[in-house]
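K.L.:
Numbering-wise (our numbering), the sequence shown opens with residue 1402 and increments by one. This is the structure I want to talk about, given as structure tokens.
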Amino acid sequence: CVFAPALVCFAWMTILGGTAIDLELTGGADGAIIGASNTAKLFVTLGEMISGGFLSAVTIMCVVLILTFLVTSADSGILVMNTIMSGGDQEVGNRHKIVWGVILTAVIGTLLIAGKSGGEDPMNALRNAMIIGALPFTMVMGLMCVALAKALYRDGQREKAATLAATPAE
1402 CVFAPALVCF AWMTILGGTA IDLELTGGAD GAIIGASNTA KLFVTLGEMI SGGFLSAVTI
1462 MCVVLILTFL VTSADSGILV MNTIMSGGDQ EVGNRHKIVW GVILTAVIGT LLIAGKSGGE
1522 DPMNALRNAM IIGALPFTMV MGLMCVALAK ALYRDGQREK AATLAATPAE
């Protein structure tokens, strides 16, 4: 079913988020969830909810799901870059995919190392690079919206003119 993943995500976010809020409001977590870094909030919340072997199993499951998400996202990005660079040919060999994967990994690794050597959070370098890279694309998207609006307006005018021309004169 198409709705199953969305429903599972909805249930997961509702249960986990609601529990985290409840633990903080009732004092059950003693500020541990709010005080944790953004990357650790999930695991701190799980630690407050459950313990023992079940906690280990759920933590491993979460790490596997996060890695699956990251690999799928990277693979999609590589596929898009490969398709664009091959002129739209979707049947390009695996060698190109591997090259783009290595390039993507090198860029991300370089940004993480550069961010870490600057004494800051390494994610700031990635975040800043994404913002810098997305800014020109945002302008292009704005121009594309204007072009779409013009094309839709002209299409409407053509349809109106065709309707008037097809109507017999009285």
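Cβ atoms here follow ideal geometry from the backbone N, Cα and C, with glycine treated the same way. Every value quoted in this text rests on a predicted model; they were computed, and no experiment measured them.
Work out the CA separation of serine 1518 and glycine 1428 for me, nearest whole Å.
P.N.:
If I take the Cα positions, the gap works out to 38 Å.
K.L.:
Find out if the Cβ-Cβ distance for the pair glutamate 1425, isoleucine 1435 is shorter than 8 Å.
P.N.:
Cβ distance < 8 Å, so glutamate 1425 and isoleucine 1435 count as in contact.
K.L.:
Rounded to the nearest angstrom, what separates glycine 1520 and glutamate 1492 at their Cα positions?
P.N.:
For glycine 1520 and glutamate 1492, the distance between alpha carbons rounds to 43 Å.
K.L.:
Have a look at leucine 1544 and alanine 1550 and give me their C-alpha separation to the nearest angstrom.
P.N.:
C-alpha separation (whole angstroms): 10 Å.
K.L.:
Look at the Cβ atom of isoleucine 1479, then the Cβ atom of leucine 1513, and state whether they are nearer than 8 Å.
P.N.:
Cβ distance not < 8 Å, so isoleucine 1479 and leucine 1513 don't count as in contact.
K.L.:
Taking the runs of the beta strand (DSSP E) that are 3 residues or longer, which of them lie wholly in the stretch 1494-1539?
P.N.:
Fully enclosed beta strand (DSSP E) runs of 3 or longer: not present.
K.L.:
Could you have a look at isoleucine 1451 and say whether DSSP puts it in helix, strand or coil?
P.N.:
In this structure, isoleucine 1451 counts as coil in the three-state DSSP scheme.
K.L.:
Under 8 Å between the Cβ atoms of glycine 1516 and methionine 1524?
P.N.:
Yes, the Cβ-Cβ distance between glycine 1516 and methionine 1524 is below 8 Å.
K.L.:
So, under 8 Å CB-CB, threonine 1469 and phenylalanine 1444 are touching, yes? Tell me the CB distance rounded to an integer number of Å.
P.N.:
Their Cβ separation, rounded to whole angstroms, is 17 Å, which puts threonine 1469 and phenylalanine 1444 out of contact at 8 Å.
K.L.:
From arginine 1555 to valine 1547, what distance separates their C-alpha atoms?
P.N.:
If I take the Cα positions, the gap works out to 12 Å.
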